[in-house]
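In my numbering, the protein residues as written are 153 to 526.
What follows is a single structure, written as structure tokens, with notes after it.
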Ligand SMILES: Cc1cc2nc3c(=O)[nH]c(=O)nc-3n(C[C@H](O)[C@H](O)[C@H](O)COP(=O)(O)O)c2cc1C
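Now the structure itself:
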């Protein structure tokens with residue numbers, strides 16, 4: 153084992169009814185590799201399977217749509233139709249051939265859905281220029297869509313789901329002090345604003361029973377979008393009562409202080425309110441075994457790797473091999489292709505994360521002499 157990796161990270165941990173073989177998680181990452189009709193592609197199964205082979209104890213898929221009007225990206229896998237089930241079974245079988253737990257991140261974009269894909273107006277907690285505030289019926293339908301999506305994941309034989317309530321998507325639009333201007337039971341005080349995500353967890357727990365992992369991903373704070381650290385900690389504590397098995401904190405930097413209160417770390421504030429023993433996964437700029445160790449010492453039970461897992465599908469194996477260190481970002485398109493990054497994903501990385509790619513210079517070798525026509 154590399155001396156920098158806390159050996160605690162290689163020990164098993166329970167997530168609800170399931171046991172992860174270690175505490176190293178592949179963070180959810182949208183990769184645009186699936187089909188236009190939302191069916192999961194072989195390329196996306198491969199991309200996930202490589203990380204499960206590479207020693208990640210938990211592999212979380214990218215954000216997959218629970219309803220057609222909630223889609224936000226081209227090539228996003230869906231969970232809203234019967235045709236989505238068969239390839240999901242293929243993924244479950246692929247994951248079952250490894251030691252990893254397979255978790256599907258369930259997602260509704262709300263006002264951040266992409267109209268060029270959905271061909272409809274968005275829906276959110278409250279009205280906006282390009283979207284409508286959800287009616288009571290809409291809310292019940294979308295909660296039910298999360299439940300039905302989780303049922304498909306369970307029927308396929310995967311271990312659990314993670315509700316994407318971070319990054320300003322629909323559940324976060326309900327939690328937000330500023331996006332949510334409702335005065336009914338789905339808005340107002342924290343109790344009302346937390347109701348949507350709580351009802352989603354309860355609906356899935358009631359339908360799935362205890363033998364299915366339910367995680368929730370939250371952004372601990374984002375003052376531009378009305379997300380406040382103390383409120384996040386309270387919501388997390390409520391979600392634990394509702395049947396959540398783990399909390400996933402999405403942080404820009406897992407080690408950074410709160411952007412509003414120097415010296416207070418989100419991880420520590422949330423930990424203080426959560427029941428002892430409820431696992432926290434922390435993500436954000438964890439690249440090296442040393443980073444992972446520091447985040448573990450701060451109180452995270454598991455560490456989630458995004459960028460690092462793109463560039464090194466076998467990060468956990470490499471981090472525990474005394475003979476080498478994990479591969480790091482940036483890397484070349486050829487390296488990424490060997491790591492399961494197909495052209496649509498490479499293009500997405502070029503647009504969003506250009507610094508993560510070492511572009512190979514365009515081929516300057518001269519071509520054949522042009523044929524001169526006489
Ligand atoms: C290409 C890419 C796609 C992502 N897609 C998602 C997503 O679908 N759902 C999500 O919750 N976070 C998503 N994220 C955020 C990551 O899960 C992670 O929180 C973030 O990258 C910070 O971790 P890192 O510094 O280890 O990359 C994505 C990140 C990247 C780089």
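Even glycine gets a Cβ: it sits at the ideal position worked out from N, Cα and C.
Closer than 6 angstroms: residue i CB and nearest ligand 1 heavy atom
| i | result |
| --- | --- |
| residue 214 | yes |
| residue 369 | yes |
| residue 178 | no |
| residue 182 | yes |
| residue 494 | no |
| residue 392 | no |
| residue 490 | no |
| residue 191 | no |
| residue 309 | no |
| residue 436 | yes |
| residue 459 | yes |
| residue 316 | yes |
Distance between beta carbons of residue j and residue i, contact taken as under 8 angstroms
| i | j | result |
| --- | --- | --- |
| residue 379 | residue 328 | 6 angstroms |
| residue 165 | residue 226 | Wrong, their Cβ atoms sit about 36 angstroms apart, outside the cutoff. |
| residue 265 | residue 280 | Actually they do not touch by this definition, with Cβ atoms about 12 angstroms apart. |
| residue 400 | residue 435 | 7 angstroms |
| residue 392 | residue 431 | The pair is not a contact, with the Cβ atoms about 10 angstroms apart (cut-off 8 angstroms). |
| residue 157 | residue 444 | 6 angstroms |
| residue 218 | residue 260 | 5 angstroms |
| residue 331 | residue 277 | 6 angstroms |
| residue 109 | residue 214 | Past the boundaries of the shown model lies residue 109; the chain is included only from 153 to 526, so the question cannot be answered. |
| residue 179 | residue 461 | 7 angstroms |
| residue 306 | residue 388 | Contact doesn't hold; Cβ gap of about 24 angstroms is too wide. |
| residue 185 | residue 496 | 6 angstroms |
| residue 322 | residue 386 | Not quite, the Cβ-Cβ distance comes to about 20 angstroms (not below 8 angstroms), so this is no contact. |
| residue 478 | residue 487 | The pair is not a contact, with the Cβ atoms about 13 angstroms apart (cut-off 8 angstroms). |
Near ligand 2: residue i beta-carbon under 6 angstroms from a heavy atom
| i | result |
| --- | --- |
| residue 402 | Only ligand 1 can be found as ligands here, which leaves ligand 2 out of the picture. |
Exercise for the section: Quick one: which unbroken alpha helix (DSSP H) runs of 4-plus residues sit fully inside the segment 271–335? Chain order, please. Expected result: Taken in chain order, the unbroken stretches of alpha helix (DSSP H) that lie wholly in the segment 271–335 and span 4 residues or more are 288–308, 322–327.
### Task
For the segment 303–319 and the segment 359–375, state whether three or more C-beta atom pairs, one from each stretch, are separated by less than 8 angstroms.
yes
Take every Cβ of the segment 205–220, pair it with every Cβ of the segment 437–450, and state whether three or more of those distances are shorter than 8 angstroms.
no
- Message: So, does the segment 397–405 touch the segment 343–356, judging by three or more C-beta pairs under 8 angstroms?
- Response: no
Practice item. Go through the segment 450–494 residue by residue and report every complete run of the alpha helix (DSSP H) that reaches 4 residues or more, in order. Key: Complete alpha helix (DSSP H) runs here, min 4: 459–463, 467–471, 485–490.
* Asked: Would you say the segment 280–293 touches the segment 237–247, given that touching needs at least three Cβ pairs under 8 angstroms?
  -> The answer is no - the segment 237–247 does not touch the segment 280–293, with fewer than three Cβ pairs under 8 angstroms.
Notebook entry, point to check: Along the chain, which unbroken stretches of the alpha helix (DSSP H) at least 4 residues long are found entirely within the segment 359–398?
Noted result: 381–394
Segments assigned alpha helix (DSSP H), at least 4 residues, entirely inside the segment 171–234:
194–205
What are the start and end residues of each continuous beta strand (DSSP E) run of 3 or more residues lying completely inside the segment 407–455, in chain order? 432–435
Hey, is the segment 244–253 in contact with the segment 289–296, meaning 3+ C-beta pairs nearer than 8 angstroms?
no
Q. Do three or more CB pairs link the segment 184–203 to the segment 222–236 at distances below 8 angstroms?
A. yes
| message | Give the list of continuous beta strand (DSSP E) stretches no shorter than 3 residues that lie fully inside the segment 237–274. | response | Here the runs fully enclosed are 253–259.
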